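Structure first, then comments.
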Amino acid sequence: MALNLNQKKEVVAELAEVAATAHSLVAAEYVGLTVEQLTSMRKKARAEGVYLKVAKNTLVSRAVEDTDYAIVKDELTGPLLYAFSKEDPGAAGRLIKEFAKANDKLKPRLVAIGGQKYPGSHVDVLASLPTRDEALSMLLSVMVQPATMLVRVLAEPATQVARATSAIGQQKAA
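Counting from 1, one number per residue, gives the positions in the sequence shown under the UniProt record's numbering.
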């Protein structure tokens, strides 16, 4: 169904708002997917904080003009599905990668993150990025490790005295 000018402006405004705050973008070819498959992918995307949209490439290229994703404008050809990660940089990559495993018709075409564009094969790299919770737990473990090591070093002399006393006691008992 063709969109009128006002509807096109609304789509561009919505996409521009999403692109301005998104952490990453994955564009994928979706030709051959059924409506049921796309619907299940949209449900999963909503649950994971990914904005999923099928839109005309000209509208998307206008929407991303003043964002970090302006670099992908030349690559937007053919029927594409756009996945913007709103909360977690790797969420869109994980969604597309997982869905592409089960559906060979979905083919990642390009990935954009941090003002850089990459080929669709980099969706694996994007998908391997840790979630926010995983990154925080890694940071916490790195921060706690020096304190843990200090406690071990400070406790070691007392442990050595206890071991030596125990060994002397066992020698005298024998």
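We put the beta carbon where it would ideally sit given N, CA and C, even for glycine. The model shown is predicted, which means the values in this text are computed figures rather than measured ones.
Exercise. So, helix, strand or coil for SER85, using DSSP?
Worked result: The residue given as residue 85 occupies position 85 in the sequence shown. Looking at SER85 - three-state DSSP - the assignment turns out to be strand.
For this session: Rank ARG62, GLU75, GLN171 by C-alpha distance to the C-alpha of LEU110 and give the top, closest one.
Result: Within the sequence shown, numbered from 1, the residue matching residue 110 stands at position 110. Ranking ARG62, GLU75, GLN171 by Cα distance to LEU110 puts GLU75 first.
Problem set entry | Per DSSP, the bridge partner or partners of PRO108 | Stepping through the sequence shown from its first residue, residue 108 is reached at position 108. DSSP lists ALA28 as partners of PRO108.
For this session: Enumerate in chain order the residues of its own chain whose CB-to-CB distance from THR77 is below 8 Å, with the five nearest sequence positions on each side excluded.
Result: By one-based count along the sequence shown, residue 77 stands at place 77. Excluding sequence neighbours, THR77 sits near ASN57.
Exercise. So, do the segment 84-93 and the segment 120-133 have three or more beta carbon pairs nearer to each other than 8 Å?
Worked result: yes
Problem set entry | One or two residues paired with PRO119 in a DSSP bridge | Within the sequence shown, numbered from 1, the residue matching residue 119 stands at position 119. By DSSP's assignment, PRO119 forms a beta bridge with LEU110.
Problem set entry | Nonlocal neighbours in the same chain, by C-beta distance under 6 Å from HIS122, ignoring five residues either side | Taking the first residue of the sequence shown as 1, we reach residue 122 at position 122. VAL111.
Exercise. Looking at LEU15 and LEU59, is the spacing between their C-beta atoms short of 8 Å?
Worked result: If you number the sequence shown from 1, residue 59 lands on position 59. If you number the sequence shown from 1, residue 15 lands on position 15. Yes; because the gap between Cβ atoms is below 8 Å, this pair is in contact.
Exercise. Exposed or buried, what is GLY169 when buried is set at 16 or more other beta-carbons lying within 10 Å of its beta-carbon?
Worked result: Looking up residue 169 in the sequence shown gives position 169. The residue in question, GLY169, is exposed, as its Cβ has fewer than 16 Cβ neighbours within 10 Å.
Exercise. Touch check for the segment 24-40 and the segment 92-108: three-plus C-beta pairs under 8 Å?
Worked result: yes
Exercise. According to DSSP, is VAL142 helix, strand or coil?
Worked result: What you label residue 142 is simply residue 142 of the sequence shown in a count that begins at 1. Helix.
Problem set entry | Three-pair Cβ contact test at 8 Å for the segment 35-53 versus the segment 95-103 | Verdict: yes, contact present.
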